[in-house]
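S.K.: Handing you a structure now.
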Amino acid sequence: MNDSDKGAVIVISSHVVRGTVGNRAAVFALETLGHPVWALPTVILPWHPGHGRATRVAIPAEDFDAVVSDLIAAPWRGEVKAVLSGYLASAAQARSVARLVESLRADNPDLLYMCDPVCGDERGLYVPEETAVAIREGLIPLASVATPNRFELAWLAGAPLETNAAIMEAALSLGPSRMLVTSSLPLMAGSTGNLYLSGRSALLAEHRLVPNPPNGTGDLLSAIFLSRMMEGLPDERALMSATASVFEIVARTAKRGADELTLEQDASSISTPMARVHMRRLVHPAQTRRS
C-alpha cells in the first residue's frame with residue numbers, strides 16, 4: 008500500500024508541551040507510518056502529571072463540541088478513514104466524540120474507530136467516574152476495536168481479572184468485536200503481554216518486561232496497531248509488529264536513561280521493528296462453550 012492510500016486519521020487525546028504521551032505519541036507514530044493526521048487536543052498540559060505538578064487546561068465542552076461540528080462539516084471529511092480517541096477531559100467530550108464517529112460512519116460504514124479508554128491504572132480510576140461511564144456506555148459500543156489496559160478493563164467490566172480467561176470473558180462482555188488488552192498476564196516469567204481478542208482468535212504477544220517504563224506506551228501501541236490494521240495486515244502480524252515496535256522503543260529509551268519515550272531517535276523502530284516477540288494462540292472462549 009502506498010502512503011497516499013493509507014487515509015487520514017483523526018486523533019483525539021491529551022497534548023503535552025514536553026514529552027511523548029497522548030497525541031504527541033500517537034500523531035508521531037501515525038505520521039511516521041505515512042498517515043495524514045488531524046489532531047484534536049482534549050486537554051493541554053506542560054508535561055505528564057507523573058513528573059510533578061502540571062497546570063491542566065481542559066478544552067471547555069462547548070468549545071470542544073464546536074470544533075467537532077466543524078470537523079463534521081469539513082469539505083475534506085472524505086479523507087478520514089479512521090478515528091483514534093484516548094484521554095478525554097469530560098463526559099461531554101465523550102459524547103462529542105460519539106457524535107463525530109457516528110457522522111463519519113454514516114458516509115463511510117468501513118470507518119475504523121479505535122477507542123483507547125484512558126481512565127485508570129493499578130491504583131484505580133484517575134478520571135471522574137462520570138467520564139469513565141460515558142466512555143463505557145457511549146464509546147466502547149461504537150468501537151471497531153478497544154485498547155484498554157487490564158486495570159481499565161476490570162473497571163469497565165466490573166470484574167476482577169486474575170487470569171487471561173477472565174480477561175477474555177470481560178472483553179466479550181463489553182461488546183466490541185475486537186479488543187486489545189495491554190498489561191495482560193504473561194505465560195513467561197519476567198515478561199508482559201498484549202492480549203488480542205477477535206471473533207475468530209485469541210492471541211497473546213509477550214516480550215521481556217522493562218522495569219519502570221516511561222508513560223505513553225499505550226498511546227503508542229494503539230496508534231501503531233491502528234495503522235497496521237488499516238494496512239490490512241492479518242491479526243497476528245499486526246499485533247506482532249505493533250508490540251515489537253513499542254517494546255523496542257521502550258527498551259532503547261530505558262538504555263538511554265530517558266524519562267520520556269525517545270520517539271525522535273527511534274522512528275525506524277516504528278516502521279521496521281527488529282525486536283523479537285513471542286506469539287501464542289490461546290483458547291478462545293467461544294471454543295470452550297462449543298465443547
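For the sequence shown, the residue numbers in the numbering used here are 8 to 298. Cβ coordinates follow ideal geometry from the N, Cα and C atoms, glycine included.
#1: Pull the bridge partners of residue 209 from the DSSP assignment, please.
#2: Using a threshold of 8 Å, state whether the C-beta atoms of residue 95 and residue 138 are closer than that.
#3: At the level of alpha carbons, what is the spacing between residue 242 and residue 210?
#4: Could I get the ranges of all uninterrupted alpha helix (DSSP H) runs contained in the stretch 212-274, with 4 residues as the minimum, in chain order?
#5: Which of the three DSSP states is assigned to residue 95 in this structure?
#6: From 58, 70 and 186, pick the residue whose C-alpha is nearest to that of residue 50; which is it?
#7: Once you ignore the five residues that flank residue 285 on each side, which residues in its own chain have a CB closer than 8 Å to its CB?
#8: By the three-class DSSP mapping on this structure, what secondary structure does residue 128 have?
#9: I'd like the list of long-range same chain contacts for residue 193, defined as Cβ closer than 7 Å, with 5 residues on each side in sequence excluded.
#10: Cα separation between residue 25 and residue 54?
#11: Of the residues 240, 281 and 245, which one's Cα is nearest the Cα of residue 254?
#12: Cα separation between residue 180 and residue 225?
#13: Where DSSP assigns a beta bridge to residue 156, which residues make up the other side?
#14: In its own chain, which residues sit with a C-beta less than 8 Å from the C-beta of residue 300, not counting the 5 before and 5 after it?
#15: Only counting runs of 3 or more residues, tell me where the beta strand (DSSP E) segments fall wholly within the stretch 18-83, in order along the chain.
#16: Measuring alpha carbon to alpha carbon, tell me which residue in 256, 248 and 223 is nearest residue 128.
#17: Can the beta-carbon of residue 104 be found less than 8 Å from the beta-carbon of residue 92?
#18: Where does residue 279 sit, in a helix, a strand or coil, going by DSSP?
#19: Who are the Cβ neighbours of residue 145 in its own chain at under 7 Å, not counting the five residues just before and after it?
#20: Which value, in whole angstroms, describes the spacing of the CA atoms of residue 48 and residue 171?
#21: Please state whether DSSP places residue 295 in a helix, a strand or coil.
M.R.: Based on what the coordinates show:
#1: Partner residues in the beta bridge of residue 209, as assigned by DSSP, are 204 and 289.
#2: yes
#3: Between residue 242 and residue 210, the C-alpha separation is close to 9 Å.
#4: Entirely contained in the stretch 212-274, the alpha helix (DSSP H) runs reaching 4 residues are, in chain order, 224-237 and 242-263.
#5: coil
#6: 70
#7: 195, 198, 212, 213 and 214
#8: strand
#9: 199, 200 and 213
#10: 5 Å
#11: 281
#12: Cα to Cα, the separation comes out at about 22 Å.
#13: 189
#14: A query on residue 300 cannot be resolved here, the shown segment of the chain reaching from 8 to 298 and no further.
#15: 44-52
#16: Nearest option by C-alpha distance: 223.
#17: yes
#18: coil
#19: 101, 102 and 105, listed in sequence order.
#20: 34 Å
#21: helix
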